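Q: Encoded as structure tokens, here's the structure I'll be asking about.
2 protein chains.
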Amino acid sequence: MRATLLHAVRDIRVEDVPDPRILHPGDAVVRVIAACVCGSDLWPYRGVSPVEEPHRIGHEFVGTVEETGTDVWSVRPGDFVIAPFSISDNVCAHCRNGVQTSCVNHAWWGSSDAAGPIDGGQGQAVRVPHADGTLVPVREAFEPSLVPGLLTLSDVMSTGHHAAFSGGVTEGSTVVVVGDGAVGLCAVIAARRLGAIRIIMMSRHPDRQKLALDFGATDLVTERGEEGAARVTELLGGIGADVTLECVGTKESMEQAVDCTRPGGRVGYVGATAGGSQMPIRKLFIRNVSVAGGVAPARRYIPELLPDVLSGEITPGRVFDLELPLEEAAEAYRAMDERRAVKVLLHP
Amino acid sequence: MRATLLHAVRDIRVEDVPDPRILHPGDAVVRVIAACVCGSDLWPYRGVSPVEEPHRIGHEFVGTVEETGTDVWSVRPGDFVIAPFSISDNVCAHCRNGVQTSCVNHAWWGSSDAAGPIDGGQGQAVRVPHADGTLVPVREAFEPSLVPGLLTLSDVMSTGHHAAFSGGVTEGSTVVVVGDGAVGLCAVIAARRLGAIRIIMMSRHPDRQKLALDFGATDLVTERGEEGAARVTELLGGIGADVTLECVGTKESMEQAVDCTRPGGRVGYVGATAGGSQMPIRKLFIRNVSVAGGVAPARRYIPELLPDVLSGEITPGRVFDLELPLEEAAEAYRAMDERRAVKVLLHP
Numbered sequence: 001m002r003a004t005l006l007h008a009v010r011d012i013r014v015e016d017v018p019d020p021r022i023l024h025p026g027d028a029v030v031r032v033i034a035a036c037v038c039g040s041d042l043w044p045y046r047g048v049s050p051v052e053e054p055h056r057i058g059h060e061f062v063g064t065v066e067e068t069g070t071d072v073w074s075v076r077p078g079d080f081v082i083a084p085f086s087i088s089d090n091v092c093a094h095c096r097n098g099v100q101t102s103c104v105n106h107a108w109w110g111s112s113d114a115a116g117p118i119d120g121g122q123g124q125a126v127r128v129p130h131a132d133g134t135l136v137p138v139r140e141a142f143e144p145s146l147v148p149g150l151l152t153l154s155d156v157m158s159t160g161h162h163a164a165f166s167g168g169v170t171e172g173s174t175v176v177v178v179g180d181g182a183v184g185l186c187a188v189i190a191a192r193r194l195g196a197i198r199i200i201m202m203s204r205h206p207d208r209q210k211l212a213l214d215f216g217a218t219d220l221v222t223e224r225g226e227e228g229a230a231r232v233t234e235l236l237g238g239i240g241a242d243v244t245l246e247c248v249g250t251k252e253s254m255e256q257a258v259d260c261t262r263p264g265g266r267v268g269y270v271g272a273t274a275g276g277s278q279m280p281i282r283k284l285f286i287r288n289v290s291v292a293g294g295v296a297p298a299r300r301y302i303p304e305l306l307p308d309v310l311s312g313e314i315t316p317g318r319v320f321d322l323e324l325p326l327e328e329a330a331e332a333y334r335a336m337d338e339r340r341a342v343k344v345l346l347h348p
Numbered sequence: 349m350r351a352t353l354l355h356a357v358r359d360i361r362v363e364d365v366p367d368p369r370i371l372h373p374g375d376a377v378v379r380v381i382a383a384c385v386c387g388s389d390l391w392p393y394r395g396v397s398p399v400e401e402p403h404r405i406g407h408e409f410v411g412t413v414e415e416t417g418t419d420v421w422s423v424r425p426g427d428f429v430i431a432p433f434s435i436s437d438n439v440c441a442h443c444r445n446g447v448q449t450s451c452v453n454h455a456w457w458g459s460s461d462a463a464g465p466i467d468g469g470q471g472q473a474v475r476v477p478h479a480d481g482t483l484v485p486v487r488e489a490f491e492p493s494l495v496p497g498l499l500t501l502s503d504v505m506s507t508g509h510h511a512a513f514s515g516g517v518t519e520g521s522t523v524v525v526v527g528d529g530a531v532g533l534c535a536v537i538a539a540r541r542l543g544a545i546r547i548i549m550m551s552r553h554p555d556r557q558k559l560a561l562d563f564g565a566t567d568l569v570t571e572r573g574e575e576g577a578a579r580v581t582e583l584l585g586g587i588g589a590d591v592t593l594e595c596v597g598t599k600e601s602m603e604q605a606v607d608c609t610r611p612g613g614r615v616g617y618v619g620a621t622a623g624g625s626q627m628p629i630r631k632l633f634i635r636n637v638s639v640a641g642g643v644a645p646a647r648r649y650i651p652e653l654l655p656d657v658l659s660g661e662i663t664p665g666r667v668f669d670l671e672l673p674l675e676e677a678a679e680a681y682r683a684m685d686e687r688r689a690v691k692v693l694l695h696p
């Protein structure tokens, strides 16, 4: 089959690789219908995290179950399934606590487990370990046009929801979103879905501003840093936001998020920290701003968000503004790296 | 009157100072019945925070209202009152949000406001600005033996409660307490009061261990750092604590607290950060451990905790293991600095 490999910094290739097969009774093999490129895929692509040797890449996909191991009971061949961005058994203590990303059997797509290699998501098919714990089947019939929305549940929509949920967004909350990438845009959807009455998106890109407004943002702030925080505070009656959703992951974005938050408020953060995020602890302490979030347990949230995607109540699939054949994965990375696209969907 | 001044590092003196008087219609003058020395008073005493000139010190006191300004309606001369460790109007947006430490009219004891100097707590009397917002009267009759317990509501008991409340301790929580000072010991009381079923105190001092057990700790761990966290995790079935209460405020204690906490758990932190606390953000992110707390809004909690002190349901006054006349304030500081006492009560 064909799959995407990152060979070195800015060197993405689609190559022939061995077809996946069942290596363990708990495995399934899934034929990929749609995959995509994540903002976090750009770290190794840009060399922010080191690339030591060519490796399989991609951690977001939806597809059809092709084959299952003898232990698998929750999905069967022919099922349409959503794969969260990491693997979990969904039965251990951490999974039961709703933190599937800390599962005792946790693994990443594109890595390997005791049974052998685990395929990356940007390919034609994937061996799925712990298929019963990992995959979420969609048993309802749906239009093909919903595939992009279902694909966002793999990562960006679930991650945006994690920011809002961890930040404690509830009926009547005032919310600020820092970061207008796919996750930040999905965080707008999530905040609105949880009942926020005011959602301020910090963005200076007209296309992303428009999408944010469509998703439920009530205000736009184009300023950044202290100036941006001052503008937010002014919009919120001098008080600051109940909750700020930090969807970037740099020192500057975290500082900005804390500055936007009212005393006693919360920062829900999901911006992965490869870029060197830091917490301004003196400010947090003196203002009683709490910080909650981390790597999103997408597996936990997919069953909750799925009905709203199927019903069209939320339309996170709109974050995809470019679709390409898998063979053009290198162009997909370039488009995201150069900010020509918010998020790129790949058709295997 | 007589009051305590910090002249320079390790130079505490009790001196004659002007009697306080009403300078603003919202003021009250309170005759101090009992005051005490705080762990945070030791920072300037030890030179951790700079001492530029002699200044009044002390921020915990209870006493009797002697005189009130014409605007004051909530307390009257003769009332026994508890003063939280900072001044607030209790009506602004931040106060209504329960964050009185961020009050728009916030001030510290021993500083000054537009009307003039504000006395420190370690003295015979205090001018109290925003008396209606700041002071909590105790209208019930009580035995003099309850005074130390009432005094802890000024700071340490309210701060311990803030750690437990911010950390989300609830019925059935497993809790670890890092720090066996007065705040950590009060955090044990608070955790038990909120329904924790397991309270592990990390302490290597036999007298503090005993008090922790009396207050409701179920286990003691004497190891520190990674070794201590490993022992805690072992005691908690390999999972880690639902909530860890960080009551020290150093880089090491915060790291230890995070290491003790299960994925998806929370650190409630109140250890003031003068010692250079830092948040290990990579660990927080990957394990979804959230961090909540800060400088405790004692004013918020006093009305809730007061009935339990009056009824004897909780006995935080036991953290005082030395009582001295105000004139011996210098010895009180030495005793705490040299760890001969957990907390010292001063009789003016």
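For the protein sequence lines, the chains are A and B, in the order given.
Under the working numbering, the letters of the first sequence match residues 1 to 348, in that order.
Under the working numbering, the letters of the second sequence match residues 349 to 696, in that order.
Every residue, glycine too, gets a C-beta built ideally from N, C-alpha and C.
The structure presented is a predicted model; accordingly, all values stated were derived computationally and were not measured.
#1: Do the segment 132 to 151 of chain A and the segment 209 to 221 of chain A meet, that is, are 3 or more Cβ pairs less than 8 Å apart?
#2: Could you please give the first and the last residue of the uninterrupted beta strand (DSSP E) stretch that includes CYS36 of chain A?
#3: Comparing the C-beta of ALA99 of chain A with each C-beta of chain B, is any distance below 8 Å?
#4: Any chance the segment 409 to 425 of chain B sits against the segment 390 to 400 of chain B, with 3 or more Cβ pairs inside 8 Å?
#5: Here's the rule I'm using: 16 or more other beta-carbon atoms within 10 Å means buried, otherwise exposed. How should THR222 of chain A be labelled?
#6: Is any beta-carbon of chain A found at less than 8 Å from that of THR640 of chain B?
#7: What separation, rounded to the nearest whole angstrom, lies between the Cα atoms of LEU213 of chain A and VAL188 of chain A?
#8: What does the alpha-carbon distance come out to for the pair CYS186 of chain A and MET505 of chain B?
#9: Does DSSP classify GLU571 of chain B as helix, strand or coil?
#10: Of the residues B:ILE360, B:ILE587 and B:VAL476, which one's Cα is nearest the Cα of HIS403 of chain B?
#11: Residue range of the beta strand (DSSP E) that PHE409 of chain B falls in?
#12: Indicate the three-state DSSP secondary structure (helix, strand or coil) for PHE142 of chain A in the structure shown.
#13: Can you tell me where the beta strand (DSSP E) with ARG243 of chain A in it begins and where it stops?
#14: Are the CB atoms of GLY240 of chain A and GLY265 of chain A nearer to each other than 8 Å?
#15: With distances taken between CB atoms, is the gap from VAL37 of chain A to VAL62 of chain A smaller than 8 Å?
#16: Measuring only the C-alpha atoms, how far is VAL399 of chain B from LEU693 of chain B?
#17: Establish whether the CB of GLY549 of chain B and some CB of chain A are separated by less than 8 Å.
#18: Looking only at its chain, what residues have a beta carbon closer than 6 Å to the beta carbon of GLY275 of chain A, apart from the 5 residues adjacent to it on each side?
#19: If we ignore side chains and look at the alpha-carbon of each, how far apart do GLU679 of chain B and GLY469 of chain B end up?
#20: Return the residue from the list B:PRO373, B:HIS695, B:ILE545 and B:ARG379 that minimises the CA-CA distance to PRO673 of chain B.
#21: Could you round the C-beta distance between VAL476 of chain B and THR482 of chain B to whole angstroms and report it? I think they count as a contact, below 8 Å.
#22: Since ASN453 of chain B meets chain A, which of its residues come closer than 7 Å, beta carbon to beta carbon?
#23: According to DSSP, is GLY619 of chain B helix, strand or coil?
#24: Taking the straight line between their C-alpha atoms, what separation do you get for GLY225 of chain A and VAL178 of chain A?
#25: Verify the CB distance criterion: does LEU584 of chain B have a CB-CB separation below 8 Å to chain A?
#26: Leaving out the 5 sequence neighbours to the left and right, which residues in its chain are closer than 6 Å to TRP108 of chain A when beta-carbon positions are compared?
#27: Any residues in the segment 582 to 606 of chain B with a beta carbon nearer than 9 Å to a beta carbon of chain A? Which ones, in chain order?
#28: Count the other C-beta atoms from every protein chain shown that fall within 10 angstroms of the C-beta of PRO303 of chain A, then say buried if there are 16 or more, exposed otherwise.
#29: Just to confirm my understanding: we take PRO628 of chain B, look at its own chain, exclude 5 residues before and 5 after, and list those with CB closer than 6 Å. What are they?
#30: Which residues share a DSSP beta bridge with GLY123 of chain A?
#31: Determine the burial state of GLU246 of chain A: buried for a count of at least 16 other Cβ atoms within 10 Å of its Cβ, exposed for fewer.
#32: Hey, how far is the Cα of ARG339 of chain A from the Cα of LEU6 of chain A?
#33: Please report how far the alpha carbon of ASN90 of chain A lies from the alpha carbon of GLY26 of chain A, in whole angstroms.
#34: Are the beta-carbon atoms belonging to VAL232 of chain A and ILE199 of chain A less than 8 Å from one another?
#35: Please report how far the alpha carbon of GLY446 of chain B lies from the alpha carbon of LEU653 of chain B, in whole angstroms.
#36: Secondary structure at GLU686 of chain B, three-state DSSP: helix, strand or coil?
A: Let's see:
#1: no
#2: 28 to 36
#3: Position check: residue 99 of chain A holds Val in this sequence, whereas Ala was assumed. Chain B contact via Cβ: present.
#4: no
#5: exposed
#6: Before going on, a small fix: residue 640 of chain B reads as Ala here, not Thr. By this cut-off, ALA640 of chain B is an interface position.
#7: 9 Å
#8: Within the model, the alpha-carbon separation for CYS186 of chain A versus MET505 of chain B is close to 42 Å.
#9: coil
#10: Per the Cα distances, B:ILE360.
#11: 409 to 416 is the extent of the beta strand (DSSP E) around PHE409 of chain B.
#12: coil
#13: According to the sequence as given, residue 243 of chain A is Val; it is not Arg. Going by DSSP, VAL243 of chain A is part of the beta strand (DSSP E) stretching over 241 to 246.
#14: yes
#15: no
#16: 23 Å
#17: In the sequence on display, residue 549 of chain B carries Met and not Gly. With 8 Å as the cut-off, MET549 of chain B does not count as an interface residue toward chain A.
#18: With a pLDDT of only 48 at GLY275 of chain A, under the threshold of 50, the placement of this residue in the model should not be trusted; the figure read from the coordinates follows. Closer than 6 Å at the Cβ level, and outside the excluded window around GLY275 of chain A, lie GLY249 and THR250.
#19: Rounded to whole angstroms, GLU679 of chain B to GLY469 of chain B spans 17 Å at the Cα level.
#20: Check the Cα spacing between PRO673 of chain B and each of B:PRO373, B:HIS695, B:ILE545 and B:ARG379: the tightest is with B:HIS695.
#21: 6 Å
#22: Going along chain A, no residue has its Cβ under 7 Å from ASN453 of chain B, so there is no contact; the nearest lies around 14 Å.
#23: Of the three classes helix, strand and coil, the one that applies to GLY619 of chain B here is coil, per DSSP.
#24: 10 Å
#25: No, its Cβ sits nowhere closer than 8 Å to a Cβ of chain A.
#26: SER86
#27: GLY585, GLY586, ILE587, ASP590, GLY597 and MET602
#28: exposed
#29: GLU603 and VAL606
#30: A:ALA3
#31: Per the 10 Å Cβ criterion, buried.
#32: Each residue's Cα considered, the two are about 19 Å apart.
#33: Approximately 13 Å between the Cα atoms of the pair.
#34: no
#35: 15 Å
#36: Under the three-state reduction of DSSP, GLU686 of chain B is assigned to coil, being neither helix nor strand.
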